[in-house]
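Colleague: Once you know that position 93 of the sequence shown is 87 in this note's numbering, the rest is easy, because the numbers rise by one and skip nothing.
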Amino acid sequence: MDFFQWHWWAAAALLMMIAEIFLPGFFLFCLGIGCIAASITAGLGFGAAGQLLMFSAFALLTFFTVRPVLMKRFWHRDNVPTNADALVGLHGRVSQDFDPGLRLGRVQVGGDDWRAECLTDAPLRIGDIIEVVRVESNTLIVKPLTSK
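1) Tell me the DSSP bridge mates of Glu111?
2) Would you mind reading off the limits of the beta strand (DSSP E) that contains Gly83?
3) Just verifying my parser: in three-state terms, what is the DSSP assignment at Phe92?
4) Under DSSP, the alpha helix (DSSP H) around Arg67 begins and ends at which residues?
5) What's the C-alpha gap between Leu134 and Arg119?
6) Checking contacts by CB at 9 Å: is Ser50 closer than that to chain D?
7) Under a Cβ-count criterion, where at least 16 other Cβ atoms within 10 Å of its own Cβ denotes burial, should Ala80 be classed as buried or exposed?
8) For Leu22, count neighbouring C-beta atoms within 10 Å of its own C-beta (all shown protein chains included) and say buried if the count is 16 or more, exposed if not.
9) Closest to Asp91 by CA distance: which of Arg100, Gly83 and His85 is it?
10) Rounded to whole angstroms, what's the CA-CA distance from Pro18 to Leu98? Just pull it up for me.
11) Under DSSP, the beta strand (DSSP E) around Ile124 begins and ends at which residues?
12) Return the first residue and the last residue of the alpha helix (DSSP H) that Ile120 is part of.
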């Protein structure tokens, strides 16, 4: 059984699609689409020039039309907050009364108990709702939202 020319293009397309999983950016995806077009062209009996023309045309067409849509859809956030920075904006509850003079206490945010400093001199009691404004070292800077 002969191994037809379209098999090579199909195998290349498959390899490109698999490699895209490990190298995101949708560049190899565009080349894979070009390989699929070339495989179809080879299956229809066109020569090497027609196959390369279809590969180039579809790869470029996909690169300039589909890739921007995919990039916009899947890469919409440049800077994803992680670790303690992901706590900013979250709400929590006071777990230990804040000392009014020092503005220090403890809060429960995201399932963890944190040392916290309040932005205001308002007395915060156990159960009060707070919002995390920023993180400084291992201390959350919080502001009060409501009471129990």
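Glycine included, each C-beta is placed from N, C-alpha and C at the ideal position.
Modeller: Straight from the coordinates:
1) Leu98 and Ile135
2) Neither: Gly83 is in no beta strand (DSSP E) and is coded neither H nor E.
3) strand
4) Ala42 to Phe68
5) 16 Å
6) No chain D is part of this structure, which consists of one protein chain only.
7) exposed
8) buried
9) Arg100
10) 45 Å
11) Ile123 to Glu130
12) Run containing Ile120: none; DSSP gives neither H nor E here.
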